[in-house]
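The block underneath contains the structure these notes are about, expressed in structure tokens.
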DNA sequence: TAGATTGTTAATCGATTAACAATC
DNA sequence: TAGATTGTTAATCGATTAACAATC
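Chains as they are written, first to last, in the numbering used here: chain E, 4 to 228; chain X, 4 to 228.
Printed below as a string of structure tokens:
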């Protein structure tokens, strides 16, 4: 399929919108091969401007037809290509705690190309046991597995204190991307992509808006400074 | 302390930066009461522009002193106030699965004012048992607890199919904010704040950059369309 | 055809960055 | 004082929105 790829780099907001479209089309639009969707439909359902939708789709090379709209299947295929959902992204998951387990258990990731090829922990009580169908390996063997399986992505779900040291090891082992769920900022060489899942930002945003929407009840804690 | 509050509404990016500052100061800066930090220091450590830092701090009412910098303690206190970290945010957690458990277990949240006052599930095998020190209640009792404890925030960690129905119930029960970890978009009245933790966005961003940084290896899967 | 919808250019808006005067 | 740092205004940049011609 000779569709042209994105002309220029997509920013965070673009990627987020693309995921949104993809997700939404997959979820609610009936996908027989010929289903179409107009920019206006997509926009209204996602509470945004329809010009934005057309811009986004143009940017990833999807062309619509006037009076008809866009092919839903074509949109999804284009997003899949741009975002790499059709590829297999092999990943190691380091840290077999509760969060690690939750991620390992989430089969929805497969739809997006993520394949966890090894789960690691350094707790001798966990090594050798299984979590969500994944055998837990000794973190000491991390480099071996990364090299042997040509893994490029690492998911980090370890306590804050261990994050940076592990990131250093992962970088040395040749990892290209780190998905960090620890509450700490990592320092890595430029060639390595890091995505920091900073859960507290979500809480902060909620707390901020909650506070604003109901300025009446000032149930402050005693805050001795 | 007569510091003036933020003049106008803070956007997502602002809030994210504030959390970043807060986190960073708490993590790496020695906090005796008199520690100071310059906008340049903060900026360089977070790889951003120092004017931005000064703007952000001015916006939340923190004043620095020329030649000296800002009081780290004052920055933290101001952020705590603006973001409501000093208040107690009572929350119910619905869905005692792995992710719910991970969230319930994360004691770091207490620092930010979040207090989970009830964990709910509708699995009879789970009701009555404990998860991370929280007794699991029957989801049927959700409304009762919300009302009795004056809970304003709900954390949703249930399967996609159950999300919307639960959101409806939470809204009717008077909840003001929903922190949704399910892979689905919620429809709620305007007065309710929703924060959707869309995990796939993180994966998409990584996959996209990974793909770009190494355009050589085209290990595409056979993708029969 | 007429009406609907795309695609693109121009206008607006907001956020970031640069410049620099004020200040300790 | 001189140098460093804040605070703010102006300039730039990019992203969003509006307008509208092209098109089926």
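All C-beta atoms in this analysis are idealised placements derived from N, C-alpha and C, irrespective of residue type, glycine included.
Everything numeric in this text was worked out from a predicted model, so none of it was measured.
Proximal chain E residues relative to residue i, where beta-carbon distance stays under 7 Å
{"i": "residue 2 of chain X", "result": "A query on residue 2 of chain X cannot be resolved here, the shown segment of chain X reaching from 4 to 228 and no further."}
{"i": "residue 186 of chain X", "result": "111"}
Beta bridge counterpart(s) of residue i as assigned by DSSP
{"i": "residue 93 of chain X", "result": "X:118"}
{"i": "residue 199 of chain E", "result": "E:183"}
{"i": "residue 73 of chain X", "result": "X:40"}
{"i": "residue 68 of chain X", "result": "X:72"}
{"i": "residue 159 of chain E", "result": "E:97 and E:183"}
{"i": "residue 139 of chain E", "result": "E:122"}
{"i": "residue 82 of chain E", "result": "Residue 82 of chain E pairs with nothing; no bridge assigned."}
{"i": "residue 133 of chain E", "result": "E:138"}
Contacts of residue i in chain E (Cβ-Cβ under 8 Å)
{"i": "residue 216 of chain X", "result": "179, 194 and 196"}
{"i": "residue 22 of chain X", "result": "201, 203, 204 and 207"}
{"i": "residue 45 of chain X", "result": "Going along chain E, no residue has its Cβ under 8 Å from residue 45 of chain X, so there is no contact; the nearest lies around 13 Å."}
Contact list for residue i against chain X, beta-carbon separation under 9 Å
{"i": "residue 210 of chain E", "result": "86, 87, 88, 90, 92, 115, 116, 117, 156 and 180"}
{"i": "residue 19 of chain E", "result": "201, 204, 207 and 208"}
{"i": "residue 26 of chain E", "result": "186, 187, 188, 201 and 203"}
Cross-chain neighbours of residue i in chain X, by beta carbon under 7 Å
{"i": "residue 104 of chain E", "result": "101"}
{"i": "residue 108 of chain E", "result": "101"}
Anticipated Cβ contact below 8 Å, residue i with residue j, distance rounded
{"i": "residue 291 of chain E", "j": "residue 145 of chain E", "result": "Since the first residue shown for chain E is 4 and the last is 228, residue 291 of chain E is missing from the structure and cannot be characterised."}
{"i": "residue 75 of chain E", "j": "residue 133 of chain E", "result": "The pair is not a contact, with the Cβ atoms about 39 Å apart (cut-off 8 Å)."}
{"i": "residue 163 of chain X", "j": "residue 187 of chain X", "result": "4 Å"}
{"i": "residue 102 of chain E", "j": "residue 208 of chain X", "result": "Actually they do not touch by this definition, with Cβ atoms about 19 Å apart."}
{"i": "residue 98 of chain E", "j": "residue 159 of chain E", "result": "7 Å"}
{"i": "residue 63 of chain E", "j": "residue 211 of chain X", "result": "Not quite, the Cβ-Cβ distance comes to about 11 Å (not below 8 Å), so this is no contact."}
{"i": "residue 197 of chain E", "j": "residue 181 of chain E", "result": "5 Å"}
{"i": "residue 112 of chain X", "j": "residue 206 of chain E", "result": "7 Å"}
{"i": "residue 179 of chain E", "j": "residue 195 of chain E", "result": "6 Å"}
{"i": "residue 92 of chain X", "j": "residue 116 of chain X", "result": "5 Å"}
{"i": "residue 87 of chain X", "j": "residue 153 of chain E", "result": "Contact flag wrong, Cβ pair sits at about 46 Å."}
{"i": "residue 107 of chain X", "j": "residue 135 of chain X", "result": "4 Å"}
{"i": "residue 140 of chain X", "j": "residue 130 of chain X", "result": "7 Å"}
{"i": "residue 52 of chain X", "j": "residue 46 of chain X", "result": "6 Å"}
{"i": "residue 21 of chain X", "j": "residue 82 of chain X", "result": "5 Å"}
{"i": "residue 23 of chain E", "j": "residue 49 of chain E", "result": "6 Å"}
Range covered by the alpha helix (DSSP H) that runs through residue i
{"i": "residue 55 of chain X", "result": "53-62"}
{"i": "residue 148 of chain E", "result": "145-152"}
Interface residues of chain X facing residue i [CB-CB closer than 8 Å]
{"i": "residue 13 of chain E", "result": "211"}
Per-residue contacts from residue i into chain E (C-beta, under 9 Å)
{"i": "residue 30 of chain X", "result": "163, 186, 187 and 188"}
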